[in-house]
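Beneath this line is the structure, given in structure tokens, with notes to follow.
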Amino acid sequence: MNWTNDKISALVEPDRAHRKAYVDEDLFDLEMERIFERLWVYIGHESQVKNPGDYYLARVGRQPMMMTRDHNGEIHVLYNRCPHRGAQLCTARKGNAGRRIRCSYHAWFFDLDGRLDQIPASEGYDGTNLKMDDPEFQVQKAPRVDNYRGFWFASLAEDGPSLESHLGNSKVAFDQLIDRAPGGETEVVGECFQMVQQSNWKIFLENQLDASHPGATHESTGIAAMTIEKDMRSAGEEPPIAYGFLSDFARIGIDGWGKFGTVAHPQGHCSLEGYMGIRPDDPDTNEYVRLMYDAYGEKKAEEILGVNLHHVLVYPCLSVQPPLQQLRTIRPLGPDRTLTEIWHFRLKGAPEAIYKRALGYYYLVNSPSTMVNADDLFNWWKVQHGLESQGGDWVSFHRNAGFDVVEGEVRKSTPGSMSELPLRHMMQAWKNYMMSNGGGS
Ligand code: FES
Ligand SMILES: [Fe+2]
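Residue numbering for the sequence shown follows this note's numbering, beginning at 338 and increasing consecutively.
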């Protein structure tokens, strides 16, 4: 199908979206071209390539890329493609290339910034059109690369808004991930979980701030956790705080999630306020707060810890939960396949107990093996299959539609509601990005 601007526009209404946006192969290609290969897409954190020679692979839209650190300490984002005959240069997910990257096919050598350094038996090229410094024979770089406080992004478009201006209000996600560390730094811990979801990338993003689903989808997990907590208390034991991450799903109830407001920000970003500030009154938290006071002074520390934020969606590719030091990035593989990477961070200078608490959330809620994620994945798979059918054309986002509260450049959910504001907002952003520079109407 030739997706003109008019046809794309007709897929998104103020309170519903057409199923084709989730299943159509041609639209998926357009999404890659106009969203993932144009906007700023997350590559990784600087601590993933700590040492000179380190590389880490990342997919941007349909393009295989790699983040490298050269021997001057500079970070680069390169296409993972040899300029000789096209072989992928690095195949392991991550590693250290040593002094130079060596293509395994014919042993051309490249610096970590992509510069062609050496060709074996190079006299074979004497008198030919191949010149060592010809841009055609260097590993190609992402047209634009930038970082925000150590979180690196690439845009495959030559022009467009700067990273800072694209991130806009969503910068708070990264500020919180860093500023909540008494040592003023954060770093990834170990390896991420990777998982291929059998569903469209938008279904994942929509689910993250869908307040009407946790009490229903995760009710059984919540009840199981509550039962264990009760049994432990009857036996005179205090259950670990992390169990509360699960029992909350039953404790809050199906319709109790309205107390956590959602906010729609420019550029398609969204956030969830309120839930899980993780500041209970226990010795570990109190010790952490003391360290924050020591590091920043009471006023500034309270400012940092008082930010009312649980979850930020950085459009189109990130779900960040700063109070729990988690970040998930999505890399669409097809209309019905999405790779997710789930990262966990350590706050420098914070007590080990704070790290372990967040690790509990990582394992119990966000990891591929938890009951919580399994229920989500199953729902998304079912949605994908339902939308592939001809049993209805539209996806409903009607909850509290028309009642959003406008405050300057942001819109907030109706107070006390489980509004589908974030879902409507992201779909409108999708429409705008998809139509920009589109094929005419
Ligand atoms: S394809 Fe890389 S050296 Fe030949
Ligand atoms: Fe869920």
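By construction, the Cβ of each residue, glycine as well, lies at the ideal position given by its N, Cα and C atoms.
None of the values given here were measured: they were computed from a predicted structure.
- About 5 Å separates the CB atoms of P659 and L514; that is less than 8 Å, so the two are in contact.
- With respect to E566, P576 sits close: the two C-beta atoms are nearer than 7 Å.
- Using a cutoff of 6 Å, the CB of C427 does not count as near ligand 1, since none of the ligand's heavy atoms is closer than that.
- By the Cβ test, the segment 731-749 is in contact with the segment 589-601, since at least three Cβ pairs between them sit closer than 8 Å.
- Those residues that have a beta carbon less than 7 Å away from any non-hydrogen atom of ligand 2 are, in order along the chain, N544, H550, P551, T554, H555, V709, D712, D713.
- In the assembly as shown, F447 is a buried residue. Its beta-carbon has 16 or more other beta-carbons within 10 Å.
- Taking the Cβ atoms as the reference, L724 lies roughly 14 Å from Q534, outside the contact range of under 8 Å.
- Inter-segment contact for the segment 406-422 and the segment 680-695 is absent: fewer than three beta-carbon pairs are separated by less than 8 Å.
- Sorted by position in the chain, C419, H421, R422, A424, C440, Y442, H443, W445 make up the residues whose C-beta lies under 5 Å from a heavy atom of ligand 1.
- In the DSSP assignment, no residue is bridged to D463.
- Burial state of E635 is exposed, judged by a 10 Å Cβ sphere holding fewer than 16 other Cβ atoms.
- Inter-segment contact for the segment 360-368 and the segment 378-388 is absent: fewer than three beta-carbon pairs are separated by less than 8 Å.
- Between G520 and G686 the beta-carbon gap is near 3 Å, inside 8 Å, which marks them as a contact.
- Secondary structure of E610 (DSSP, three-state): coil.
- In this structure, the alpha-carbon of F682 lies about 15 Å from that of K387.
- The count of Cβ pairs closer than 8 Å, one atom from the segment 395-414 and one from the segment 474-491, reaches three, so the stretches are in contact.
- Boundaries of the alpha helix (DSSP H) harbouring I565: 556-571, taken from the DSSP string.
- Per the C-alpha coordinates, the member of D516, P672, S584, G464 positioned closest to Q662 is D516.
- The beta carbon of A695 is closer than 6 Å to those of L661, Q662 in its chain, skipping five residues each way along the sequence.
- With contacts defined by Cβ atoms closer than 7 Å, F530 and S704 form a contacting pair.
- Excluding its 5 nearest sequence neighbours in each direction, R570 has C-beta neighbours in its own chain below 8 Å: P576, listed in chain order.
- For H413, the pairing in a beta bridge is given by DSSP as T405.
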